[in-house]
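Novice:
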Amino acid sequence: MVQGKVYVKRDFLNKFPGELFLDDVLNKPMMKNANASPELIVKEETGDVQAQKKSWIEGIKIYSTFECNGFIHPFFGKMTKEQIGCLAYKHTDHHLKQFNV
Numbered sequence: 008m009v010q011g012k013v014y015v016k017r018d019f020l021n022k023f024p025g026e027l028f029l030d031d032v033l034n035k036p037m038m039k040n041a042n043a044s045p046e047l048i049v050k051e052e053t054g055d056v057q058a059q060k061k062s063w064i065e066g067i068k069i070y071s072t073f074e075c076n077g078f079i080h081p082f083f084g085k086m087t088k089e090q091i092g093c094l095a096y097k098h099t100d101h102h103l104k105q106f107n108v
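With the first letter of the sequence shown counted as 1, position 31 gets the number 38 in my numbering; the numbers rise by one all the way through.
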């Protein structure tokens with residue numbers, strides 16, 4: 008989403024509540040089993056773990072030079088670079104904990 012590789016449509020019903028919840032999401036532990044947009048759900052059950060690991064690391068490196076010009080999160084709306092970085096960190100940490108890494 009942030010890197011422009013996946014487009015998720017911003018649903019009208021999500022515009023209002025998402026902006027209200029952003030501070031809570033950034034300042035509290037990430038919820039388990041939170042809903043995700045269908046476009047973001049991984050359907051593959053097998054694959055090359057090393058290739059996926061390399062791709063994930065490259066994706067994380069992109070954040071070091073990321074400019075948030077015009078980025079609008081489909082649920083939270085407009086976000087600052089700092090907010091995007093915080094959410095990316097929390098999301099990464101969430102998945103590392105999910106797999107006991």
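Note that the Cβ used here is the ideal one computed from N, Cα and C, for glycine as well.
(1) Rounded to a whole number of angstroms, what is the C-alpha to C-alpha distance between residue 72 and residue 52?
(2) Can you list the alpha helix (DSSP H) stretches of 4 or more residues lying completely in the region 44-99, in chain order?
(3) How is residue 35 classed by DSSP in three states: helix, strand or coil?
(4) Closer than 8 angstroms is the cut-off here; do at least three beta carbon pairs connect the region 74-89 with the region 47-65?
(5) Indicate whether residue 95 and residue 70 have their beta-carbon atoms separated by less than 9 angstroms.
Specialist: Checking against the coordinates, here is how it stands:
(1) Here residue 72 corresponds to residue number 65 of the sequence shown, with the count starting at 1. Here residue 52 corresponds to residue number 45 of the sequence shown, with the count starting at 1. Cα to Cα, the separation comes out at about 32 angstroms.
(2) 56-69
(3) In the sequence shown, counting from the first residue as 1, residue 35 sits at position 28. Of the three classes helix, strand and coil, the one that applies to residue 35 here is coil, per DSSP.
(4) no
(5) Indexing the sequence shown from 1 puts residue 95 at position 88. Indexing the sequence shown from 1 puts residue 70 at position 63. Yes, they are a contact pair.
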